[in-house]
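Residues in the sequence shown are numbered consecutively from 31, following the working numbering. Glycine included, each C-beta is placed from N, C-alpha and C at the ideal position. Values in this document were obtained by computation on a predicted structure and should not be read as measured data.
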Amino acid sequence: MRKFLIGVLFFGTLGLKAQYGTLDAILKRLEERKGINQNLEQVNIDNKKFVFIKDEADHTERDFIIIKGNNATYVEVFDDKATGESSSNVFTGDIIRKKNIISLRADMLENKKVPLPVTKTLLLTQQDNILYLIDVNTKDRWIDEQSYSKKAKK
């Protein structure tokens with residue numbers, strides 16, 4: 031009887047281990063698909079331009095993040111649908127990159143220091159060989175302009 035209980039306990043433990051391993055593999059794949067568990071430290075983002083387009087009822091907003099080394103330029107372009115006029119704000123600042131997290135701090139508006147800098151915390155992800163930056167606060171997705179241009183040409 032004792033051998034039987036030890037055998038049941040042994041095979042039960044193996045079954046739980048197999049279920050945990052399968053569950054862990056599924057979670058890992060989902061995290062990679064969402065961009066959470068990707069290793070993109072070797073991906074070079076120097077001289078990259080990321081684009082975000084937001085279409086509102088009265089205007090269209092196009093935002094750009096241009097990264098050159100540790101410096102960054104953040105551009106906001108607003109297109110008024112009623113008048114057809116465009117206005118823009120050009121911020122400059124710096125970035126800090128730790129693994130897949132990029133912190134942007136733009137404290138200069140057209141070469142004048144602003145009291146409250148524009149800050150963004152972005153997660154670098156890659157899906158189907160296209161680089162994205164996902165704003166961790168708003169979940170906005172910034173697409174690499176080169177990837178977007180290649181996609182549009184096809």
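Closest by C-alpha distance to residue i, when choosing among the options
i: Asp-170; options: Ile-125, Asp-76, Ser-177, Lys-84; result: Lys-84
i: Val-81; options: Ala-87, Leu-139, Ile-96, Leu-70; result: Ile-96
i: Glu-106; options: Ile-131, Ser-116, Gly-99; result: Ser-116
i: Arg-135; options: Ile-164, Phe-121, Glu-86; result: Phe-121
Cα-Cα separation between residue i and residue j, rounded to whole angstroms
i: Thr-113; j: Asp-93; result: 20 Å
i: Asn-69; j: Lys-129; result: 8 Å
i: Gln-176; j: Lys-79; result: 8 Å
i: Val-144; j: Thr-168; result: 23 Å
i: Asn-77; j: Ser-118; result: 21 Å
Collapsed DSSP secondary structure at residue i in the structure displayed
i: Ile-83; result: strand
Beta-carbon gap between residue i and residue j smaller than 9 Å
i: Asn-101; j: Gly-123; result: yes
i: Lys-150; j: Ser-133; result: yes
i: Asp-137; j: Val-148; result: yes
i: Val-73; j: Leu-161; result: yes
i: Arg-127; j: Ile-75; result: yes
So within the stretch 85–117, which uninterrupted beta strand (DSSP E) runs reach at least 3 residues, ignoring any that extend past its ends? Fully enclosed beta strand (DSSP E) runs of 3 or longer: 89–98, 101–110.
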